[in-house]
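Asks: My structure is below; once you've seen it, I'll send some questions.
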Amino acid sequence: MSPNPDHQQPLSEEDIQTLARFLDERVLERDGMSFEMLDGYLTAVLSGPELIMPSEWLPPIWTGEDPGEAPVEVFEDQAEAERMLGLVMRHYNTIAGVLAQGGAEFEPWIGEVELEDGEVAAFAQEWALGYLRGIGLREEAWDELLSDEDWSGDLEALDLLARGPDDEETGGEVASQEQRDALIDDLVGFALDAHDFWLEQRLTPSTVRRTEPKQGRNDDCRCGSGKKYKQCCGKGQ
Numbered sequence: 614m615s616p617n618p619d620h621q622q623p624l625s626e627e628d629i630q631t632l633a634r635f636l637d638e639r640v641l642e643r644d645g646m647s648f649e650m651l652d653g654y655l656t657a658v659l660s661g662p663e664l665i666m667p668s669e670w671l672p673p674i675w676t677g678e679d680p681g682e683a684p685v686e687v688f689e690d691q692a693e694a695e696r697m698l699g700l701v702m703r704h705y706n707t708i709a710g711v712l713a714q715g716g717a718e719f720e721p722w723i724g725e726v727e728l729e730d731g732e733v734a735a736f737a738q739e740w741a742l743g744y745l746r747g748i749g750l751r752e753e754a755w756d757e758l759l760s761d762e763d764w765s766g767d768l769e770a771l772d773l774l775a776r777g778p779d780d781e782e783t784g785g786e787v788a789s790q791e792q793r794d795a796l797i798d799d800l801v802g803f804a805l806d807a808h809d810f811w812l813e814q815r816l817t818p819s820t821v822r823r824t825e826p827k828q829g830r831n832d833d834c835r836c837g838s839g840k841k842y843k844q845c846c847g848k849g850q
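The sequence shown lines up with residues 614 to 850 when you count with this note's numbering.
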């Protein structure tokens with residue numbers, strides 16, 4: 614897909630609502646993605662060990678199926694297809710730009726829902742599920758990170774959010790919004806750290822031999838700050 618200057622503009626709130634409505638009304642019933650899920654999915658696609666071309670990651674958005682041509686019935690006509698594809702590419706490029714600049718402005722798009730008691734909650738379940746779908750495109754390549762115990766705490770947060778508040782095994786761990794917010798904070802840190810980890814792996818041609826014990830990401834930082842290593846001297850590593 615050749616670069617398009619129009620694809621460099623971040624989505625406006627109106628654009629987001631347009632794309633979200635299309636996904637909700639025409640795509641979810643085909644096991645496709647909501648906008649929140651799309652945001653998590655694109656973040657993983659852009660953060661992984663290998664470059665994935667749009668021709669591979671676009672089709673699962675519409676149908677949840679393996680890469681291939683999106684069925685024509687998803688779109689009413691060519692004009693609608695081009696419009697929705699354009700919105701997706703703009704959001705993809707926005708996330709790519711934020712991650713490339715260090716992620717200081719990275720903020721996952723997580724929807725809020727009003728509960729029966731009138732309280733507003735953010736579950737982040739769809740975002741986490743979308744991120745996992747993105748990992749699924751290169752699951753074997755992600756294995757170096759997924760199997761590393763240093764990342765186990767971050768992966769647990771991702772798993773808890775993906776299971777959702779109604780899961781019988783984990784519901785107690787995400788029962789309050791305060792608990793969910795803490796997990797979401799962990800999720801944001803994980804997404805940025807995973808991006809930086811794979812970026813470093815791609816830029817480093819060979820493994821450097823360690824001369825001292827490896828500092829675990831969830832261990833207390835050796836600098837004496839009292840913070841976890843991943844939140845202190847290891848931030849961004």
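Heads up, the beta-carbon is just placed ideally off N, CA and C, and yes, glycines get one too.
Can you pull the DSSP bridge partners for residue 638?
Replies: Residue mapping note: residue 638 aligns to position 25 of the sequence shown, counting from 1. BP columns for residue 638 are empty, so no partner.
Asks: Quick check on residue 646: buried or exposed, where buried means 16 or more other Cβ atoms within 10 Å of its Cβ?
Replies: The residue labelled residue 646 in the question sits at position 33 within the sequence shown. Under this definition residue 646 is a buried residue.
Asks: Whose CA, out of 754, 796 and 693, lies closest to the CA of residue 735?
Replies: Counting from 1 along the sequence shown, the entry for residue 735 is found at position 122. Out of 754, 796 and 693, 796 has the C-alpha closest to the C-alpha of residue 735.
Asks: Spell out a yes or no on whether the region 647-659 and the region 736-754 are touching, meaning 3 or more CB-CB pairs, one atom from each, closer than 8 Å.
Replies: As far as the Cβ criterion goes, the region 647-659 touches the region 736-754, which means the pair count is three or higher.
Asks: Give a yes or no on contact between the region 719-727 and the region 760-772, applying the rule of three or more CB pairs nearer than 8 Å.
Replies: No, because fewer than three Cβ pairs between the region 719-727 and the region 760-772 fall closer than 8 Å, the two stretches do not touch.
Asks: Straight-line CA distance for residue 625 to residue 719?
Replies: In the sequence shown, residue 625 corresponds to position 12, counting from 1. In the sequence shown, residue 719 corresponds to position 106, counting from 1. When rounded, the distance between both Cα atoms is 16 Å.
Asks: Short check: CB of residue 774 to CB of residue 737, under 7 Å?
Replies: The residue labelled residue 774 in the question sits at position 161 within the sequence shown. The residue labelled residue 737 in the question sits at position 124 within the sequence shown. Yes, the pair counts as a contact, with Cβ atoms nearer than the cut-off.
Asks: Do you know how far the Cα of residue 810 is from the Cα of residue 753?
Replies: Sequence index remark: in the sequence shown, residue 753 carries index 140 (1-based). Sequence index remark: in the sequence shown, residue 810 carries index 197 (1-based). Computed Cα separation, rounded: 16 Å.
Asks: Could you give the C-beta distance for residue 643 and residue 675, rounded to a whole number, given that I count them as a contact under 8 Å?
Replies: Translated into positions along the sequence shown, residue 643 becomes position 30. Translated into positions along the sequence shown, residue 675 becomes position 62. Going by Cβ atoms, the distance from residue 643 to residue 675 rounds to 7 Å, so yes, they are a contact pair.
Asks: Mapping DSSP to helix, strand and coil, what is residue 770?
Replies: Residue numbering aside, residue 770 sits at position 157 when the sequence shown is read from its first letter. Three-state DSSP puts residue 770 in a helix.
Asks: By how many angstroms is the C-alpha of residue 700 removed from the C-alpha of residue 627?
Replies: In the sequence shown, counting from the first residue as 1, residue 627 sits at position 14. In the sequence shown, counting from the first residue as 1, residue 700 sits at position 87. Approximately 11 Å, taken between the alpha carbons.
Asks: Between which two residues does the alpha helix (DSSP H) holding residue 666 run?
Replies: As a first step, residue 666 must be located in the sequence shown, where it is residue number 53. Per DSSP, residue 666 belongs to no alpha helix (DSSP H) and is neither H nor E.
Asks: What is the DSSP secondary structure of residue 709, counted as helix, strand or coil?
Replies: As a working note, residue 709 is residue 96 in the sequence shown. The answer is helix: DSSP assigns residue 709 an H, G or I state.
Asks: Would you identify the three-state DSSP class for residue 729, choosing helix, strand or coil?
Replies: Within the sequence shown, the letter at position 116 stands for residue 729. Residue 729: coil per DSSP, three-state reduction.
Asks: Once you ignore the five residues that flank residue 713 on each side, which residues in its own chain have a CB closer than 7 Å to its CB?
Replies: As a position in the sequence shown, residue 713 is number 100, starting the count at 1. Cβ within range, chain order: n/a, list empty.
Asks: Closest to residue 717 by C-alpha separation, out of 817, 704, 770 and 804, would be which residue?
Replies: In the sequence shown, counting from the first residue as 1, residue 717 sits at position 104. Selected option, being the one with the closest Cα: 804.
Asks: For residue 734, which beta-bridge partners are listed by DSSP?
Replies: Residue mapping note: residue 734 aligns to position 121 of the sequence shown, counting from 1. Answer is 726, bridged to residue 734.
Asks: State yes or no: is the C-beta of residue 666 within less than 7 Å of the C-beta of residue 739?
Replies: As a working note, residue 666 is residue 53 in the sequence shown. As a working note, residue 739 is residue 126 in the sequence shown. Contact: no.
Asks: Following the continuous alpha helix (DSSP H) through residue 810, name the residue where it begins and the one where it ends.
Replies: Looking up residue 810 in the sequence shown gives position 197. Element bounds for residue 810: 790-816.
Asks: Leaving out the 5 sequence neighbours to the left and right, which residues in its chain are closer than 7 Å to residue 777 when beta-carbon positions are compared?
Replies: Reading the sequence shown from its first residue, position 164 is the one you call residue 777. So the qualifying residues of the chain are 736 and 738.
Asks: Sorted by chain position, which residues of the same chain lie with C-beta nearer than 7 Å to residue 639's C-beta, five sequence neighbours on each side aside?
Replies: Sequence index remark: in the sequence shown, residue 639 carries index 26 (1-based). Answer for residue 639: 687, listed in chain order.
Asks: Between residue 702 and residue 620, is the Cβ-Cβ spacing less than 7 Å?
Replies: The count along the sequence shown starts at 1 and reaches residue 702 at position 89. The count along the sequence shown starts at 1 and reaches residue 620 at position 7. Yes, Cβ-Cβ distance for residue 702 and residue 620 is below 7 Å.
Asks: Count the other C-beta atoms from every protein chain shown that fall within 10 angstroms of the C-beta of residue 802, then say buried if there are 16 or more, exposed otherwise.
Replies: Locating residue 802 in the sequence shown gives position 189, counting from the first residue. With 16 or more Cβ atoms within 10 Å of its Cβ, residue 802 is classed as buried.
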